[in-house]
Amino acid sequence: MTPPNAKPDPAPAAQTVDASAVSSCLDGGYSDAPAPVPSEAVNADTVNGFRRSGVLNVMIKRADFLLASRAKRHGGPAMLVQARKRAEGSTDVARVGFTCSKKVGNAVARNRAKRRLREIARAVLPEMAQPGWDYVLVGRKDSTAARPFDLLLSDLRVALDRLHAGQGDTPRPYPAKGKLK
Numbered sequence: 001m002t003p004p005n006a007k008p009d010p011a012p013a014a015q016t017v018d019a020s021a022v023s024s025c026l027d028g029g030y031s032d033a034p035a036p037v038p039s040e041a042v043n044a045d046t047v048n049g050f051r052r053s054g055v056l057n058v059m060i061k062r063a064d065f066l067l068a069s070r071a072k073r074h075g076g077p078a079m080l081v082q083a084r085k086r087a088e089g090s091t092d093v094a095r096v097g098f099t100c101s102k103k104v105g106n107a108v109a110r111n112r113a114k115r116r117l118r119e120i121a122r123a124v125l126p127e128m129a130q131p132g133w134d135y136v137l138v139g140r141k142d143s144t145a146a147r148p149f150d151l152l153l154s155d156l157r158v159a160l161d162r163l164h165a166g167q168g169d170t171p172r173p174y175p176a177k178g179k180l181k
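Residues in the sequence shown are numbered from 1 upward in steps of one, following UniProt numbering.
What follows is the structure, encoded as structure tokens:
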């Protein structure tokens, strides 16, 4: 909504810039080379439901996290992995979610733990995830951020092997209504 006495801004017409001009300025000189191809144009073939570029299909709905919390789980020294096979009618894409409670620490500690969980998921899930499954990686206090990266990778691989073999722990039952302890 424009005020009645405002003059039109001539700047938007001047802001259109050719992509090759920008790339030549960034290179420190001028060249006739074509502008780089945007990453969206790259072939996004998938492996086990994940794009080869390392982009994860991330769960964001609370209902999905609640369903995963009722599924099989494997607890490791630095994380808890929850995994469930979705219904047959769902898409054949593996999804992953990340969570760290306030027990992990302040916002800085939680974000650091989630960043590490995202990186191990990018490294391991494209090769080991099964299509049609949901995975939730839950950070643990102090150990998720402090554990060496190669051990985190092996922890996730072991957890996925056990969960896919059906050897995960069963979830705790819901308490009876009105009888929370």
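Think of the CB as a built atom: it goes at the ideal place given N, C-alpha and C, for glycine as much as any other residue.
Source: prediction; values computed, not measured.
_For G132 and residue 241, the rounded distance between their alpha carbons_ = Nothing in the structure corresponds to residue 241, since the chain is present only between 1 and 181.
*Okay, do the segment 91-106 and the segment 132-149 touch, 3+ Cβ pairs below 8 Å being the bar?*
yes
*Buried or exposed: which applies to G166, given that a residue is buried once 16 or more other Cβ atoms fall within 10 Å of its Cβ?*
exposed
_My assumption, with CB atoms under 8 Å, is that residue 186 sits in contact with L125. Please give the rounded CB distance._
With the chain covering only 1 through 181, there is no way to say anything about residue 186.
*Mind checking which residues open and close the beta strand (DSSP E) that includes D134?*
133-139
*Over what stretch of residues does the alpha helix (DSSP H) that includes A113 continue unbroken?*
107-128
_Beta bridge counterpart(s) of K72 as assigned by DSSP_ = A83
*Beta carbon of V96 nearer than 9 Å to that of V158*: no
*Using the beta-carbon count (16 or more within 10 Å), is I120 buried or exposed?*
buried
*Could you tell me which residues DSSP puts in a beta bridge with N98?*
Note on residue identity: the sequence assigns Phe, not Asn, to residue 98. DSSP, once it has assigned bridges, lists L137 as partnering F98.
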